[in-house]
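Asker: Dropping a structure here in structure tokens format, bear with me for questions.
Residue numbers (the numbering used here), protein chains in the order written: chain A, 2 to 164; chain B, 2 to 164.
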């Protein structure tokens, strides 16, 4: 490996490790367990899982890998707070989407060259990117990895998910 | 910037962003607020802050930047659970150590070359590193960034820290 590919390899390992943790933590819970709140009055586990799934799905176009597969996740798990949308997906449905988006992203990651990783992501204009070249795909990968970890920490607080 | 330094720059920005969030979140709370639990029966905010401070301090020797400045933090915030050690540091004391360790780490980071980042960290043997070259300093930086985010997510659950 070159220096560049070693650095990218580290970031991909960290991504994978957090995705796998989420997969294990949420994927092994029953629907009843997923409907528990992480703490009294706080988000339910299913909301956090749907939220992370929506963010993974949104990464697909942001990194230039194609179209989202389930844009309707945003209304259920991002733009509206938990318990305000009456019909949301079940844990079983989220599990399938989580694994599908994870696979699409992993395939996309593996095709990017070092130079590709440093190209702008989909939500920044050419003009802004000239001024702020750190708004690249690699930065997005790192930020989304910490986003998963942030909510994993919350999900682990629920007594029902002690592992 | 070269490809390598751009990749490292992204990781350092992500580290800094999470350290700054922790600084703002914990550093603005009163001692009374810090003694609140993040959720009923869970760790208190002061424990999470001490825990992150102990981990930052331990990063100093792990990355080869020198000796720890406060190794006694481990007994209070790492090796023993919350509320089992009678005398722990106050928020005011933690704030000073947090800022001091953050400064030492930042100075150390800025002196590392690309090749340095890919050297083994202090807790892996030469022999193991030959087999597992991903156990390098850059990987540690990424893992510790997600560790901060993990506990930030928990700390944000406390109603007393709504910002």
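Positions of the beta carbon are idealized from the N, C-alpha and C atoms, including for glycine. Note that this is a predicted model, so its numbers are computed, not measured.
(1) Spell out whether any CB of chain B is found under 8 Å from the CB atom of residue 20 of chain A.
(2) State yes or no: is the beta carbon of residue 82 of chain A nearer than 8 Å to at least one beta carbon in chain B?
(3) Once DSSP output is grouped into helix, strand and coil, what is the label at residue 121 of chain B?
(4) Report back the beta-carbon spacing between residue 3 of chain A and residue 54 of chain A to the nearest angstrom; my notes put them in contact at under 8 Å.
(5) List in chain order: all unbroken alpha helix (DSSP H) runs of 4+ residues lying wholly within the region 19-73 of chain B.
(6) Where does residue 81 of chain B sit, in a helix, a strand or coil, going by DSSP?
(7) Cβ atoms of residue 158 of chain A and residue 59 of chain A: under 8 Å apart, would you say?
(8) Less than 8 Å between CB atoms is the rule here; does residue 55 of chain A satisfy it with respect to chain B?
(9) With a threshold of 16 other CB atoms inside 10 Å of the CB of residue 121 of chain B, please say whether the residue is buried or exposed.
(10) Would you give the residue range spanned by the alpha helix (DSSP H) that residue 149 of chain A belongs to?
(11) Quick check: residue 139 of chain B and residue 107 of chain B, are their CB atoms within less than 8 Å of each other?
(12) Considering residue 101 of chain A, what are the terminal residues of the alpha helix (DSSP H) in which it resides?
(13) So, with DSSP's three-state summary, where would you put residue 9 of chain B?
(14) Please check the pair residue 66 of chain A and residue 105 of chain A, which I expect to be a contact at CB under 8 Å, by giving their CB distance rounded to whole angstroms.
(15) With distances taken Cα to Cα, identify the nearest neighbour of residue 96 of chain B among B:131, B:62, B:109, B:52.
(16) In chain order, what residues of the region 2-13 of chain B put their CB closer than 9 Å to some CB of chain A?
(17) Output yes or no for whether 8 Å exceeds the beta carbon distance between residue 91 of chain A and residue 32 of chain A.
(18) Go to residue 128 of chain A, then tell me how far its alpha helix (DSSP H) extends in each direction, as first and last residue.
(19) Within a Cβ cutoff of 8 Å, which residues of the same chain sit near residue 153 of chain A, ignoring the five residues on either side of it in sequence?
(20) Alpha carbon to alpha carbon, what distance is there between residue 78 of chain A and residue 38 of chain A?
Answerer: On the basis of the data shown:
(1) Not an interface residue.
(2) By the rule that beta-carbons nearer than 8 Å mark a contact, residue 82 of chain A does not touch chain B.
(3) DSSP places residue 121 of chain B in strand when its eight states are reduced to three.
(4) About 34 Å separates the two Cβ atoms, so there is no contact after all.
(5) Fully contained in the region 19-73 of chain B are the following alpha helix (DSSP H) runs of length 4 or more, in chain order: 32-35, 46-63.
(6) In the three-state reduction of the DSSP assignment, residue 81 of chain B falls in the coil class.
(7) Annotated as distal: residue 59 of chain A and residue 158 of chain A, with beta-carbon spacing of 8 Å or more.
(8) Output row for residue 55 of chain A: interface = no.
(9) So residue 121 of chain B ends up on the buried side.
(10) It spans 138-157 - the alpha helix (DSSP H) in which residue 149 of chain A sits, taken as one unbroken run.
(11) Taking 8 Å as the Cβ cut-off, residue 139 of chain B and residue 107 of chain B do not qualify as a contacting pair.
(12) Its alpha helix (DSSP H) spans residues 92-112.
(13) In this structure, residue 9 of chain B counts as helix in the three-state DSSP scheme.
(14) At roughly 6 Å, the Cβ-Cβ gap stays under 8 Å, so residue 66 of chain A and residue 105 of chain A are in contact.
(15) Residue 96 of chain B has its Cα closest to that of B:52, out of B:131, B:62, B:109, B:52.
(16) In summary, the residues of the region 2-13 of chain B whose CB is separated from some CB of chain A by less than 9 Å are 2, 3, 4, 5, 7, 8, 9, 10, 11, 12, in the order they occur in the chain.
(17) Yes. Within cutoff.
(18) Segment 127-132, the alpha helix (DSSP H) holding residue 128 of chain A.
(19) Around residue 153 of chain A: 19, 22, 23, 26.
(20) In a straight line, the C-alpha of residue 38 of chain A is about 14 Å away from that of residue 78 of chain A.
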